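Have a look at the structure below, then the notes.
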Amino acid sequence: MRAGDRVGLFASFSPTIVAVYLGCLRIGAITAATHHTLSDDKLIHQLRHAGARVLVTDRIDNLASIADAAALAHVVALASTRERDARLVSFDAIDPSHVALPDRDFSVEQATSIFYTTGSTSAPKGVLVNHRIMMSACAAVTSYLQMGSDDVVMSYSTLASDYGVYNVLMPLYCGGTSVVELKAPESPEDVLAVIEREEVTALHVFPPVIFVLSRAAPAWAPRVKSLRYLSSSGQALHPKHIDKIRAALPNVLFYSNYGMTECKRISFLPPQELLRKPTSVGKPLPGVSVLLVDDNGSPIVEADRPGELWVSAPFTMLEYWAMPDETAAVFSVAPDGQTMLRTGDLFRFDTDGDLHYVARRDDIFVRSAWNVSPRDIEHCLASHPAVAEAIVVPVPDESAGHLPKAFVVLEPGQSVSDGELADYCRQRIDWHMVPIAFEIVGQLPRSQSGKSTRKGLA
């Protein structure tokens, strides 16, 4: 392999695949990791899109056919396979003493990774980053989290997402330790037992894990004394869940953050502000510029008026790989002349200048000429004592255009009728936001990265 070659990574999380990732960085190759549960068709599509020359995988079947369909030069097999093909190379058969490492003569601008978005609002896009971007992100985030060599950071994300990669790289950047759990937790004990065993000091997770952890009993607090902080990103947190965690783990700091694959970290709320502003993601990081823009492209300066968030940061992506039109559409020139990334997320400033998430621009739909924000409905439902989680989708309607339908996960042992939920909403949100139907489900669907998703719900 040579610098600039794209290397597909398709494997469950392991120390070996981490070593492969770091090895790719060392030689200047560009990784294109995909989630290990993808179908063959989706895997082949992403390999072809990335122009991958090599695939590293722990799969044991269909390797030759995948190599044919994706036009691969080599497939490195991490697991034993009965397939025989000239392109297949066993990882265990590679003799490190015969591997010549190239001189590190590539610059910080050398591309490192293509991170595929989860496609919550469209087809996945390949976010291209380089050494400068990744090092800047590691430095910025570890600084405000005060991460050091004594920290043991636990997460549940794989190398298929930028979140998972950074949760491995940031502890290494500080000389610390990374602990990655392969199975999503189903109970607080699933999380806390690992924290106790591994003496975890930091937990980096998406809100679904926070939801699980909110059911923890206070008796756990003395058993997880090592835990210094929780850091959550990816979705809005509900104050009810925050309050429950703080009651169970009163000495643990709680960071609420905002970022995206296209820009690793944009803002964070200091833990001491969480009780006062549980719905805020705080102010931008040092070196990060943000702007709220209305539908006409004009800056918004007044408080509590929603607008699309534009951002400029040292860790903004280079481009969407092999998608020039999409790249051009997501960057715009601000009134001051700087080029900024359009996040597609709607935010508002409060009177202190702190950011509050409103909705994904593409999630807003219209009911009888009124704008409906699914997030506002979800937030209302989640405040009900019997409701653990909720997600809202638009249902087509000939007269109104679209009507809101809610999928609801109940707290253990709770029950509630559709009428009770509708009445609860009517007392708290505008008429056009009240769902016309409720469906009780055991759990919400999750994206490959672990976030709750509306895909497949109707």
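Counting from 1, one number per residue, gives the positions in the sequence shown under UniProt numbering. Beta carbons: idealized from backbone N, C-alpha and C, even for Gly. Remember, predicted model here, so these are calculated numbers, not experimental data.
Just confirm the distance between the C-beta atoms of residue 475 and Ala406, as a whole number of angstroms; I'd bet it's less than 8 Å. Outside the modelled stretch of the chain, which goes from 1 to 458, sits residue 475, for which no answer is possible.
Could you compute how far the alpha carbon of Ala458 sits from the alpha carbon of Val395? 7 Å
Take Ala303 and list the residues in its own chain whose beta-carbon comes closer than 8 Å to its own, dropping the five residues that flank it on each side. Arg348, Phe349, Asp350 and Thr351
Pick from Ala359, Met323, Glu273 and Val434: whose alpha carbon is nearest that of Tyr116? Met323
For Met433: DSSP bridge partner residues: Paired residues: none, contrary to the question.
Does the distance from the CB of Pro284 to the CB of Ile266 come in under 8 Å? yes
Backbone secondary structure at Ala303 - three-state DSSP: coil
Taking the C-alpha atoms as reference points, what is the distance between Leu444 and Ile94? 43 Å
Quick check on the DSSP output: the beta strand (DSSP E) that includes Gly401 runs from which residue to which? Gly401 to Leu410
Using 8 Å as the threshold, is the stretch 231-246 in touch with the stretch 375-382, meaning 3 or more CB pairs across them? yes
Quick one, are the C-beta atoms of Leu159 and Leu9 less than 8 Å apart? yes
To the nearest angstrom, how far is it from the Cα of Thr112 to the Cα of Trp321? 12 Å
Can you say whether Asn130 is buried or exposed, counting buried as having 16 or more other CB atoms within 10 angstroms of its CB? buried
Go to Ala359, then tell me how far its beta strand (DSSP E) extends in each direction, as first and last residue. Leu355 to Arg360
Work out the CA separation of Leu43 and Val252 for me, nearest whole Å. 40 Å
Per DSSP, which one or two residues make a beta bridge with Asn371? Val366
Who are the near neighbours of Asp294 in its chain, counting only those whose CB is closer than 6 Å to its CB and skipping five residues on each side? Ile300 and Gly307
C-alpha distance - Met154 paired with Asp190, whole-angstrom precision: 12 Å
Enclosing beta strand (DSSP E) for Lys283 [first to last residue]: Ser280 to Pro284
Where does the unbroken alpha helix (DSSP H) through Arg197 begin, and where does it stop? Pro188 to Glu198
Quick one: Cα of Phe268 to Cα of Arg428, how far? 28 Å
Would Arg84 and Val75 be called neighbours here (beta carbons separated by less than 8 Å)? no
If you draw a straight line from the C-alpha of Tyr166 to the C-alpha of Gly413, how long is it? 38 Å
Starting from the C-beta of Leu22, find all residues in its chain whose C-beta is less than 8 Å away, skip the five residues before and the five after it, and write them out in chain order. none
With a threshold of 16 other CB atoms inside 10 Å of the CB of Ser157, please say whether the residue is buried or exposed. buried
What residue from Phe365, Pro208, Thr31 and Leu182 has the CA that sits closest to Glu389's CA? Pro208
What separation, rounded to the nearest whole angstrom, lies between the Cα atoms of Pro185 and Asp336? 46 Å
Residues in its own chain within less than 8 Å of Thr121 by CB, not counting five upstream and five downstream? No answer about Thr121 holds up, because its pLDDT of 46 lies below 50 and its placement is not dependable.
For Leu258, the first and last residue of its enclosing alpha helix (DSSP H): Residue 258 is actually Tyr in this sequence, not Leu. Run containing Tyr258: none in the alpha helix (DSSP H); it sits in the beta strand (DSSP E), Leu253 to Met260.
I think Ser149 touches Gly175, with their Cβ atoms under 8 Å apart; what is that distance to the nearest whole Å? 4 Å
Beta-carbon within less than 6 Å of Trp310's beta-carbon, same chain only, minus the 5 sequence neighbours each way: which residues are those? Leu291, Val293, Met340 and Arg342
May I have the straight-line CA-CA distance separating Thr177 from Asp151, to the nearest angstrom? 6 Å
Need the endpoints of the alpha helix (DSSP H) that Glu181 sits in, please. Premise fails: Glu181 is in no alpha helix (DSSP H) and is neither H nor E.
Would you please state the rounded distance, in angstroms, between the beta carbons of Ile27 and Arg6? I believe it to be under 8 Å. With 8 Å as the limit, Ile27 and Arg6 do not qualify as a contact, their Cβ atoms being about 13 Å apart.
Can you check which of these residues, Ser39, Arg367, Phe254 and Val281, is closest to Glu398 by C-alpha distance? Arg367
Suppose you measure from the CA of Pro124 to the CA of Val99; what does that come to, to the nearest Å? 35 Å
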